[in-house]
Amino acid sequence: MSVEIRSAPHIKADSGVVKIMRNVVWSLLPICAFYIWQYGISALASLVVVTAACLAAEEFFLRLGRQSGDLGDWSATITGILLALTLPAGFPLWMGAVAGFVAIGLGKAIFGGIGHNLFNPALVGRGFVQAAFPTAIATYTPSFMPGRFSEFIPSSLALPFMTPADTTAWAASHLDGVSSATPLARWKFEGVLASNWDLLTSLSGHLAVGPSPLLILACGAYLAWRGYLDWRIPAAVLGSAALLAAALYPLNPQHFPEPGFVLFSGGLMLGAVYMATDMVTSPVTPRGMWVYGALIGALTVIIRYSGGLPEGVMYAILIGNAATPMIERVTQPPAFGTAPTKETKA
Amino acid sequence: MKLFTFLRGEAFARGIHPPEHKGTAGMPITRVPFAPRLIVPLSQNVGRPAKPIVKVGQEVLRGQPLAQADGFVSVPHHAPVSGVVEAIRLNPTSGGLWTESVIIRALPGSPQSVEWEEPQDLDNVDDSGLIAAVQRTGIVGLGGGVFPTHAKLRVPKEFPVDTLVVNGCECEPYLTSDHRIMVERAKDIMKGIAMSRRLLKNPRAIIGVEDNKPDAVEALRAALPPGGEITVESVPTKYPQGAGEMLIKTLLNREVPPDARSYSVGAYVQNVATLAYMGALAPRGRGFIERVITVAGNAVARPGNYLVPMGTPLRFLLDYVGAPEAGVEVIFGGPMMGQAVACLDAPITKGVSGILVFRARDLEAPSTKKSFPCIKCGKCVESCPMGLNPSTLGMLAAKRQYDTMADHYRLGACFECGTCSYVCPANIPLVQQFRVAKQVLRGKPEKAA
């Protein structure tokens, strides 16, 4: 005969790490479906291979021991999907697998597993392949190519350590007059701006872009509504990027794009909604979230405008991650009882 | 009402909305029969234990003092039943500690009416006489604070109190005893308020009731004396609205500074049940020998609001309400802040406002679930009513950096409401870590933290 003895509280909110992660995966599925519709079997293969590599790496490091978490917590799945979405659709699959393994190994496992990492694992993986395979990661192909559901983008199937096939010639042979350069690269190097509406929807023009920013916003809004994502961070990232772009635009309208282009091009939307909001690597304090998001948005614009590469979201978020402990330290919530007293009611 | 709360600018910041489970709210107070043997511990409250004034073998009448107060911060205890003092010996309490207790064997033939009272003319005594009359009832803070009520009524002169905040929130899930007292004993509450106001130099009084108890608001409004010095306010239902600081914030928009008492912002908080018993007992010179207790939880066959004699053995009560005694967790208090009972041989004492019995297999306490490392989701920071950062505090606690917790993250401000543990998706036992940290720091003489 015995009674249970537990410490208070004796009840618990219906929540959980696994539930949060699983919902993030659910919310990513429409984005993945759209991406596959854009790029066909190459995108599907990329998503599968990169995610599988992440899961394999997670399992490998879990077996090595002393890691927290397990495959069932879905966190490695999120890393895999997000990483695949940041790579070009025709990125050689073997390089994608390397990216996935590095993402988990260097981005997460060496810190001790889930909850302990300093940087967003997906971006660590992407950062690695950006340095290791600079040509492949800059090689985009136009979306909605004819025959995309029956034919791989030739670079996808490159053998390890071989030079991937030339996709520009491949694209030109399939479709006249399309550019394989991303809208950001065309702005940066050719001074050509894509229409905001095309960028926002990703639906027309065979643009070499990722999933629709509009769709990403919608899926992010769902997560925020369910309470699995803090709306402050995307609001701060997008807000600060737009404000800075709007402030710079009048200084040099020939060179600087208008804010809409800045928001809807490249990986900013995916970064703001899904990467910067990674709970582990972003501040816990509400005020810190604003600071962190604003820093990322501003850095993105600065890197895009003045850097050698057209895109800067990845570096902006990684720098934001690095600054997180410091931001948290200076943005602790105000203590109850220290606010100036003001009577509202007699 | 909703419009009013909106105009007032919402309740205190943050907080949570756990499922209410107040199924006993509509159940009138019913009496529990007397157990064959009742156990009255001499130490049931903050302050010094009482000194026994009866002898083994002596017959006592229901309501007769068994033990007298030992100093000012101490209260007497009275016989909850007419019977014979069988022993004065050590007996286990709910926490597992053994304390000296008076054991009374009830006389089976007695009608058990209260046969011991000394009616007082409280209108014609001075303040210290009134305080002494309150002390003689043996009442302590019934909301769970168990601080002697008469001692709390002596507010230092340098702190003028402009508002008596009457706490009728009962924000803990499951508990409905205060609710029933407000519905059924509003007149007693008004008497208690009148006595408190007199001692506090006639401040206005605001009764704050969570808006999930409209019948209590109605009953209290119907019992209000003319004059308008006492008002009833419906406040948003949100945990922990019933914490004194939070209710003061909601009603008056004043924040009690850290390490300060509520009278430093001109407010004095008293629980409705305490006032009701004070109003009912002090003028008649009766002792506090029974109280209303909510008994609920999924293992209880007959939940309800019971009038339980003090000293009733827990096993007797569990048997009466049809709750099993094995494979369950028994909690004194609410599910958020209540304490698990370590020993079923413990008696019911003055501080018990509720008894919850849950089947062990249904328990969902954080400690029963798989724990993850903190994923820094920030839910605890968003919910902590005191504006603390439980996430960082938890990580520091895991590293045993207790001094940093107190010096840089205001550990001392935590009043252990349990909100952080409740919301934590990683199932980290945050509030338990903080309790341990505070205990360790209290053990360090050189730290005044």
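Just so you know, the sequences run in chain order P and V.
For the first sequence, counting from 1, position 317 maps to 317 in this note's numbering; every step adds exactly one.
In short: position in the second sequence from 1, add 1000, done, that's this note's numbering.
Idealized CB from N, CA, C, for every residue including glycine.
Sequence-distant residues of the same chain with beta carbon closer than 6 Å to residue i, five excluded per side
i	result
residue 1315 of chain V	1344
residue 240 of chain P	294, 297, 298
residue 1116 of chain V	1061, 1063, 1064
residue 128 of chain P	102
residue 15 of chain P	none
residue 1186 of chain V	1219, 1220, 1223
residue 97 of chain P	49, 53
Residue interval of the alpha helix (DSSP H) (run including residue i)
i	result
residue 1381 of chain V	1379–1383
residue 1037 of chain V	Careful: residue 1037 of chain V lies outside any alpha helix (DSSP H), inside the beta strand (DSSP E) at 1037–1041.
residue 226 of chain P	213–226
residue 50 of chain P	41–64
residue 1128 of chain V	1127–1137
Cβ neighbours of residue i in the same chain (closer than 7 Å, five flanking residues each side left out)
i	result
residue 1118 of chain V	1285
residue 1149 of chain V	1134, 1139, 1140, 1141, 1274, 1278
residue 1048 of chain V	1070, 1071, 1073, 1074
residue 285 of chain P	328, 331, 332, 333
residue 1027 of chain V	1304, 1305
residue 1168 of chain V	1178, 1182, 1207, 1208, 1209, 1216, 1272
residue 1414 of chain V	1386, 1388, 1434
residue 326 of chain P	none
residue 1290 of chain V	1080, 1307, 1308, 1309, 1310
Residue i Cβ short of 7 Å to the ligand MG heavy atom set
i	result
residue 1297 of chain V	Inclusion of the ligand MG in the displayed structure is not the case, the ligand content being empty and no account of it being possible.
Between the CA atoms of residue j and residue i - distance to the nearest angstrom
i	j	result
residue 309 of chain P	residue 1431 of chain V	48 Å
residue 1358 of chain V	residue 1389 of chain V	31 Å
residue 104 of chain P	residue 60 of chain P	10 Å
residue 50 of chain P	residue 1172 of chain V	48 Å
residue 1302 of chain V	residue 1190 of chain V	31 Å
residue 1076 of chain V	residue 1136 of chain V	6 Å
residue 1298 of chain V	residue 1322 of chain V	11 Å
residue 39 of chain P	residue 148 of chain P	6 Å
residue 1326 of chain V	residue 1340 of chain V	14 Å
residue 1400 of chain V	residue 168 of chain P	59 Å
residue 1019 of chain V	residue 158 of chain P	56 Å
residue 8 of chain P	residue 1269 of chain V	24 Å
residue 317 of chain P	residue 300 of chain P	8 Å
residue 1379 of chain V	residue 282 of chain P	13 Å
residue 171 of chain P	residue 75 of chain P	35 Å
residue 1013 of chain V	residue 1236 of chain V	11 Å
residue 1132 of chain V	residue 1199 of chain V	12 Å
residue 1197 of chain V	residue 1242 of chain V	21 Å
residue 1193 of chain V	residue 1126 of chain V	17 Å
residue 1045 of chain V	residue 1152 of chain V	13 Å
residue 1257 of chain V	residue 1204 of chain V	22 Å
residue 1267 of chain V	residue 1099 of chain V	35 Å
residue 1351 of chain V	residue 1422 of chain V	24 Å
residue 245 of chain P	residue 225 of chain P	28 Å
Closer than 9 Å at the beta carbon, the chain A residues around residue i
i	result
residue 279 of chain P	Annotation note: the requested chain A is absent from the structure, which comprises protein chains P and V.
Collapsed DSSP secondary structure at residue i in the structure displayed
i	result
residue 20 of chain P	helix
residue 1348 of chain V	coil
residue 336 of chain P	coil
residue 280 of chain P	coil
residue 1075 of chain V	coil
residue 293 of chain P	helix
residue 190 of chain P	helix
residue 1187 of chain V	helix
residue 1358 of chain V	strand
residue 1197 of chain V	helix
residue 1206 of chain V	strand
residue 1305 of chain V	strand
residue 1270 of chain V	strand
residue 113 of chain P	strand
Terminal residues of the beta strand (DSSP E) in which residue i lies
i	result
residue 1091 of chain V	1083–1092
residue 1099 of chain V	1098–1106
residue 1168 of chain V	1163–1168
Same chain, Cβ closer than 8 Å to residue i, neighbours up to 5 away in sequence not counted
i	result
residue 181 of chain P	140, 189, 190, 208
When you check each C-beta in the stretch 1304–1334 of chain V against every C-beta of chain P, which residues fall closer than 9 Å?
-> 1325, 1326, 1327, 1328, 1329, 1330, 1331, 1333, 1334
According to a CB-to-CB cut-off of less than 7 Å, which residues of the stretch 1269–1292 of chain V neighbour chain P?
-> none
With 9 Å as the limit, tell me which residues of the stretch 1423–1440 of chain V have their beta carbon closer than that to any beta carbon of chain P; keep them in chain order.
-> 1423, 1424, 1425, 1426, 1427, 1429, 1431, 1432, 1435
Of all the residues that make up the stretch 1395–1415 of chain V, which are near chain P by a beta-carbon distance shorter than 7 Å?
-> 1410, 1413
Residues of the stretch 56–71 of chain P with Cβ closer than 8 Å to any Cβ of chain V, in chain order = 68, 69
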